[in-house]
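Quick notes on the structure that follows.
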Amino acid sequence: MRKLSKSQNDMASEKHLLAMDPRQCVVPTTERRSQSDTAVNVTSRKVSSPDILKAFHQEDPKHPPSPVLKQDTLPASPTHGSVFSGGLRRGSLTSINSTCTEMGNFDNANVTGEIEFAIHYCFESRSLEIHIKTCKNLAYGEEKRRKCNPYVKTYLLPDRSSQGKRKTQVQKNTLDPTFEETLKYQVELAQLMTRRLQVSVWHLGTLARRVFLGEVILPLAAWDFEDSSTQNAKWYPLRAKAEKYEDNSPQNNGELAVRAKLVLPAGPRKLQEAQEGTGGQLSVNGQLCLVVLGAKNLPVRSDGTLNSFVKGCLTLPDQQKLRVKSPVLKKQACPQWKHSFVFNGVSSSQLRQSSLELTVWDQAIFGMNDRLLGGARLGSTGGATGCPDSCSQSKLQWQKVLSSPNLWTDMTLILH
1 MRKLSKSQND MASEKHLLAM DPRQCVVPTT ERRSQSDTAV NVTSRKVSSP DILKAFHQED
61 PKHPPSPVLK QDTLPASPTH GSVFSGGLRR GSLTSINSTC TEMGNFDNAN VTGEIEFAIH
121 YCFESRSLEI HIKTCKNLAY GEEKRRKCNP YVKTYLLPDR SSQGKRKTQV QKNTLDPTFE
181 ETLKYQVELA QLMTRRLQVS VWHLGTLARR VFLGEVILPL AAWDFEDSST QNAKWYPLRA
241 KAEKYEDNSP QNNGELAVRA KLVLPAGPRK LQEAQEGTGG QLSVNGQLCL VVLGAKNLPV
301 RSDGTLNSFV KGCLTLPDQQ KLRVKSPVLK KQACPQWKHS FVFNGVSSSQ LRQSSLELTV
361 WDQAIFGMND RLLGGARLGS TGGATGCPDS CSQSKLQWQK VLSSPNLWTD MTLILH
C-alpha cells in the first residue's frame, strides 16, 4: 500500500509539473564559452566593439571602460587532421626549464664504456634512422649484485615528451650488449637543423628501478646526411648526465614571430598625456593590439607535425589577468596563425608595470593533456628564468612598443 501511494504521489507531482508554465521552470545552468566568443569584459562581461581603432571619440573620458580583451583571426588556409599527443596542460614558463630526461625512480652509476651506433636519413620516407649496434665495458647497474640489464633510449632534443622517446629491448645480464635495432623518427630534414640527438644507456632493475649508465649528445645542425661516410657506425664514449643548461642558459625551443602596437588617442596633447599618464582617467583609454604571426623550430612530434595554438596572459599591476587563446592549426611543423589579440582599456602607465606571457602548446586528443612547447614573456618581468640576456632584450622590446604608440613593432621571441 505504501509503495502504491508513493507511486500515485509521484504521478500527481509529474502531472503538476506538466501543467506548469514552462517559463516558471528554472533549471540551473553552467556558463560555457566557445572559442568563437572572443570579446570579454572582465567586470561587466559585455561584448566590446569590433573595430580596434575606434571608440576614442565615442567614449566619455570621465567614465572610461574597464580593461577588455578580444581576439580575431586573420585569413588563413584551413588544415585538417589530428595526431595523438600528450604532455602537460598547465604550467608556468619556469616549469619547462626542467631538462630531466627520465621521470621516475632512477639512480646513477659510475659511467664507463662506449656505445656503437649509426645515423642515417632516408630522403624517400623522410625519416631519421638510428641503428643501435652494441655497447662495451658498461658499468654495473647494481654493483653489489653485479648485475646489468641494459637498454638504449633516444630523444631528438629539445623534445623530451613521451611521443619523442624511442628505446630498444632490454638485454639481460651483460656488460657488452648487442642490440642491432633501428629506431626511427618521422621528421623533415629541415627540422633536424635545430635538433640534438640524445642516445642514453640505462639499466632496468627489480621493481622497474632504472639506473643511468651514460649518454651521448650529438648536434645535428652540421651533420651531413648526404655523405655516405657519416652513415657508418661509430664508437662514442659514454658520458655522465649533462647539467640542466650549458653556461646556465635556458634551451631554445623555437621562435615566435609577433607584431604589437599600443593604440592611444589621436592628437599631440592627448598622446603626450596618455604616454606620461598625466591625463587623469583619460590615460586608460588605450588598446594593446597583438598579432601572433607564426612560429618555427618548435619541438615537433615524431611524425614531424604539431596541432599547435598560442595562449596569452596579460598581468596588470593589480594582478588582474586577461587571458586569450588562438585557434588550433593542425598537422603543421611551422604554424602560421596570423591571429590577433586586442586588450582594451589599458594605459601606457599600466603596461609599464605589466607583463605579457605568450606560450605555445601542442593540442592532445583522447583525453590526454596538452603539451607545453615553449614560452616567452614581455614586460617588467620579461625574459626567461636564468637568462639575463633574454630578460634585458624582452624589456627593451616591450619599452619600444610602449614608446612608439600607434606604430607596429615586429618582434621575434625566443621560446624557452
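Under full-length UniProt numbering, the first residue of the sequence shown carries the number 1, and numbering increases by one thereafter. Using N, Cα and C, we set each Cβ at its ideal position, and we do this for glycine too. Computed from a predicted model, the values in this text were never measured in an experiment.
V324 vs V291 beta-carbon contact at 8 Å: Here residue 324 corresponds to residue number 324 of the sequence shown, with the count starting at 1. Here residue 291 corresponds to residue number 291 of the sequence shown, with the count starting at 1. Cβ atoms of V324 and V291: not closer than 8 Å.
S340 classed as buried or exposed, judged by whether at least 16 other C-beta atoms fall within 10 angstroms: As a working note, residue 340 is residue 340 in the sequence shown. Buried.
Straight-line gap, E255 to V401 (C-alpha atoms, nearest Å): Here residue 255 corresponds to residue number 255 of the sequence shown, with the count starting at 1. Here residue 401 corresponds to residue number 401 of the sequence shown, with the count starting at 1. The straight-line gap from Cα to Cα measures roughly 19 Å.
Straight-line gap, S49 to C289 (C-alpha atoms, nearest Å): Here residue 49 is taken as the residue at index 49 of the sequence shown, counted from 1. Here residue 289 is taken as the residue at index 289 of the sequence shown, counted from 1. Per-residue confidence for S49 stands at a pLDDT of 38, beneath the threshold of 50, marking its modelled position as unreliable; the derived number appears in the next sentence. The alpha-carbon atoms of S49 and C289 are separated by roughly 14 Å.
For L157, the nearest candidate out of R145, R301, A208, Y121 (CA to CA): Working through the sequence shown from its first residue, we reach residue 157 at position 157. It is R301.
Simplified DSSP state of A190, which is helix, strand or coil: Numbered from its first residue, the sequence shown carries residue 190 at position 190. Helix, per DSSP.
Three-way DSSP call (helix, strand, coil) for K330 in this model: Residue 330 sits at position 330 when you count from the first residue of the sequence shown. K330 falls in the coil class under three-state DSSP.
T305 (DSSP reduced to helix, strand or coil): Position 305 of the sequence shown holds residue 305. Three-state result, T305: coil.
Other residues of its chain near G86: CB distance less than 7 Å, five sequence neighbours each side excluded: As a working note, residue 86 is residue 86 in the sequence shown. Residue placement at G86 cannot be trusted, given a pLDDT of 32 that sits under 50; what the coordinates show is reported in the next sentence. Cβ neighbours of G86 beyond the five flanking positions: S161, S162, Q163, A364, M368, N369, R371.
Environment of K153 [buried if 16+ CB atoms lie within 10 Å]: Here residue 153 refers to the residue found at position 153 when the sequence shown is read from its first residue. K153 comes out buried.
Backbone CA spacing between Q281 and Q350 [nearest angstrom]: For this step, residue 281 is matched to residue 281 along the sequence shown. For this step, residue 350 is matched to residue 350 along the sequence shown. Because Q281 carries a pLDDT of 43, less than 50, the predicted location of this residue cannot be relied on, and the following value inherits that uncertainty. One C-alpha to the other measures close to 12 Å.
Rounded straight-line distance, which links the Cα of G294 to that of S200: Walking along the sequence shown from the start, residue 200 turns up at place 200. Walking along the sequence shown from the start, residue 294 turns up at place 294. Using only the alpha carbons, I get a separation of about 33 Å.
For L264 and V360, the rounded distance between their alpha carbons: Stepping through the sequence shown from its first residue, residue 360 is reached at position 360. Stepping through the sequence shown from its first residue, residue 264 is reached at position 264. Roughly 29 Å separates the two Cα atoms.
Paired residues, beta bridge with residue 436 - DSSP: Outside the displayed span of the chain (1 to 416) sits residue 436, for which this structure offers no information.
Residue closest to V342, alpha-carbon to alpha-carbon, out of N108, L314, G375: The count along the sequence shown starts at 1 and reaches residue 342 at position 342. Nearest C-alpha to V342: L314.
Spatial distance of S127 from Q191 (CA atoms): Along the sequence shown, read from residue 1 onward, the residue named residue 127 stands at position 127. Along the sequence shown, read from residue 1 onward, the residue named residue 191 stands at position 191. Counting only the Cα atoms, Q191 lies some 11 Å from S127.
Whole-angstrom distance between Y155 and K165, CA atom to CA atom: Here residue 165 is taken as the residue at index 165 of the sequence shown, counted from 1. Here residue 155 is taken as the residue at index 155 of the sequence shown, counted from 1. Taking the straight line from one Cα to the other gives about 5 Å.
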